[in-house]
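Data block below; observations after.
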Amino acid sequence: MSDQNREPAATGTIVPPSGVLRVGPLQGEMTQSFLIRLAACYGMAFRDLLAAILDVGGLPNMMGRARPDSEIYLNQEARDRVAQLCRVPQDHLMRALPAWAQEEPRRRFATGPAAQFHHTAEKVRRWGPACPACTARRTGRREAARLYLGPEQRVCLPHRRWLMQIPGTVGRVVNLAGSGQVLEARHHHVRLLCRSARAAAAFEVAQAVTASWWWQTWAREHVWPARLRSLDSDGLDQDAWQVVGRELVTYPETVALAALLAGDDFRRRVVAEAQGRVPFRLADLPTLLTAVAGCVRRPWYVEQLAQETSGPLFAWAYQCVRAQGGTNAEGQEMWMVAPAHRQRPLADELAVRARVGTGGQRAESKRRRGHSRQADEAFAAGLAHASHYVREHGNLAVPKDTVVDSYRLGEWLGNVQARAWAMAPDRAQALAALDPWWNVPWSVQWQRSYYRARDHAAVAGPPDAAAGFPGTQVLNGEWLYLQCTHYSTLHPEQQRLLADIGITAQVARTALPRRVPIQASFETGLMHARSYAAEHGHLVVGSRSLSGVDAEGAPVPGGGVEPGRRAS
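Numbered per our numbering, the sequence shown finishes at 571, counting up by one with no gaps.
Below, the structure is given as structure tokens:
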């Protein structure tokens, strides 16, 4: 019978040696780390301790394999044995060890103590090595330990150390001597957490934003490369060091940006500037750009970020305006980083950035966690049909009912536009390459009317607003006049589009209608009718008695039929 089908009887209770009184866990310690330290106290190897704890008829009831960066999950029987060995009550272990009873492990046998190892980001939260000096002070021994760490817990202020997670290892303790900005940022971070209920969410958003900046090849960025070089990589490959060092290097700017985003006054200013119009690009929110550039001490960010139409900062700004600053229930979405904007787990990022072969090519084909192949194929199909539409029509102002080769392009594009703020930047860039205005925050009908006006201007020149848009078709001329009369209420990007065809704010103020509006035409006709009735005593006027219309399109009474007679 195979090991998987056999169900041996459990062995008796383990009795700890009388020489070991008590081995307590560190607060926030990983269960595997605690068991390794427990084994060391007994003078045993970790695998030997596991064999004793998980023994079921001479075989270990265990799934998976221990790694330096893994976590172990125990069932109740195994937890009871560990509590007996370390002589620490279960409730204390529960409070100190976050993963102590986090989940029930799979098992090889149906009965007996069981354990399972995990090391993936889905199962194991972010961790780091404990500060060696702090561990020695708490345990009385110089020993390594690993802790679950929040973002504000990665800096050990007393000993000036950064507690760095490195996949596949037990982590690394980085000396922060000479890194005063990081230490100062830690003080600001703790104060922010104390005074703002949104601090944790704001930090997560800010971390996504600074991570997106980290991988940009901006020639004017000198601070981060210099800060990375000042830290000791201890022989780690430079590509790997760039991945694992990102969180440390960007920490001061992340804290500063989090403090800015969490501020109620700042969000109110952003909303007030938007005037109820969601942004098309970050340039539509100058207050946001100026404040962001100022808080991270990079004035050139105002120009650098102005044209962004996607990414985590744009998504936050879009949702902030949409939710009126996050003062209602809808505002919760602005603090939720979209999956497409989250940083990959470190293990995945290392795999993506790792060199392959000797030519320096990078393995960029690894699929992002949470992204299905079906979703990628569906987007590729929609993009292909969108390309076909652009080749035929020149734009992506697609009505909702548009069908291309039996594919519902209008419906697909509408669904994509509805969540465009949460889209991965590479997908947004692919659509923008087809049509920069593929996702305008105004109606598709407005955009289609604009394209007709643009095409006319390309042939006949800028429209003459002061002369009433002569030479334009009726609907086109009336649409242009309507834009001029409502120019101040248009979205800033709509104003820029109109300026491209010669309709600026100054021109709009001089615009005349292409033809007399209906009300004006009626009043002019009424005036002539009164004159006619005063002269003839009636309004029995045949069509031949009207000589025509004036220059504005109003009827002009005239001869041709004798007054008082009906035209035949």
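Glycine included, every Cβ here is placed at the ideal spot set by N, Cα and C. For clarity, every value in this text was computed on a predicted model and none was experimentally measured.
Item	Value
Residues near ALA102 in its chain [Cβ-Cβ closer than 6 angstroms; skip 5 each side]	THR34, GLU74
Limits of the unbroken beta strand (DSSP E) element including SER178	The question names Ser, yet the displayed sequence has Asn at residue 178. Segment 175-178, the beta strand (DSSP E) holding ASN178.
Reduced DSSP secondary structure (H/G/I, E/B, other) of ASP237	coil
Residues near LEU399 by beta carbon distance below 8 angstroms, same chain, minus five either side	ALA389, TYR392, VAL393, LEU416, LEU434, LEU437, ASP438, TRP440, TRP441
Cross-strand partners of GLN119 (DSSP beta bridge)	MET66, TYR76
Other residues of its chain near SER368: CB distance less than 7 angstroms, five sequence neighbours each side excluded	Any reading at SER368 must be qualified, since the residue scores a pLDDT of 46, below 50, and its modelled position is unreliable; the value itself is stated next. For SER368, where only same-chain residues beyond five positions count, there are no Cβ hits under 7 angstroms.
Proximity winner among GLY115, PRO135, GLN327, GLU224, relative to GLU256 (alpha-carbon distances)	GLU224
Inter-residue Cα distance where the pair is TRP482 and GLU276	27 angstroms
Extent of the continuous beta strand (DSSP E) to which TYR151 belongs	149-151
Opening and closing residue of the alpha helix (DSSP H) in which CYS376 lies	In the sequence as presented, Cys is not what sits at residue 376; that position holds Arg. Run containing ARG376: 376-396, per the alpha helix (DSSP H) assignment.
C-beta contact flag for GLY171 and PRO71 at 8 angstroms	yes
Cutoff 6 angstroms; reference LYS403; Cβ partners in own chain excluding five residues on either side	GLY413, GLY417
Collapsed DSSP secondary structure at TRP130 in the structure displayed	strand
Bounding residues of the alpha helix (DSSP H) (the contiguous stretch that carries CYS434)	Looking at the sequence itself, residue 434 is Leu, so the reference to Cys does not match. Segment 428-437, the alpha helix (DSSP H) holding LEU434.
Between the CA atoms of GLN241 and ARG271 - distance to the nearest angstrom	42 angstroms
LEU166, DSSP secondary structure in three states	strand
Residue closest to ALA341, alpha-carbon to alpha-carbon, out of GLU352, SER313, LEU349	SER313
Alpha-carbon to alpha-carbon, TYR321 and ARG129	29 angstroms
Three-pair Cβ contact test at 8 angstroms for the region 50-69 versus the region 156-164	no
Inter-stretch contact (C-beta, 8 angstroms, three-pair minimum) for the region 450-459 and the region 472-492	yes
Integer-rounded CB distance, given that VAL443 should sit under 8 angstroms from PHE317	Incorrect: roughly 15 angstroms between the Cβ atoms, too far for contact.
Simplified DSSP state of VAL299, which is helix, strand or coil	coil
Neighbourhood of PRO315 by C-beta, 7 angstroms cutoff - its chain only, sequence neighbours within 5 removed	VAL208, ALA211, VAL212, SER215, VAL340, HIS344
Where the alpha helix (DSSP H) containing GLN327 begins and where it ends	GLN327 -> no alpha helix (DSSP H), and no H or E assigned at all.
Separation of ARG411 from SER375, as counted between CA atoms	22 angstroms
8 angstroms Cβ cutoff met for ARG90 and ARG141	no
Inter-residue spacing [alpha-carbon to alpha-carbon] between TRP319 and TRP338	7 angstroms
Sufficient close CB pairs (3 or more, under 8 angstroms) joining the region 502-520 to the region 457-472	yes
Given ALA202 as reference, the closest of ARG145, GLY248, ASN178, ASP267 once Cα atoms are compared	ASP267
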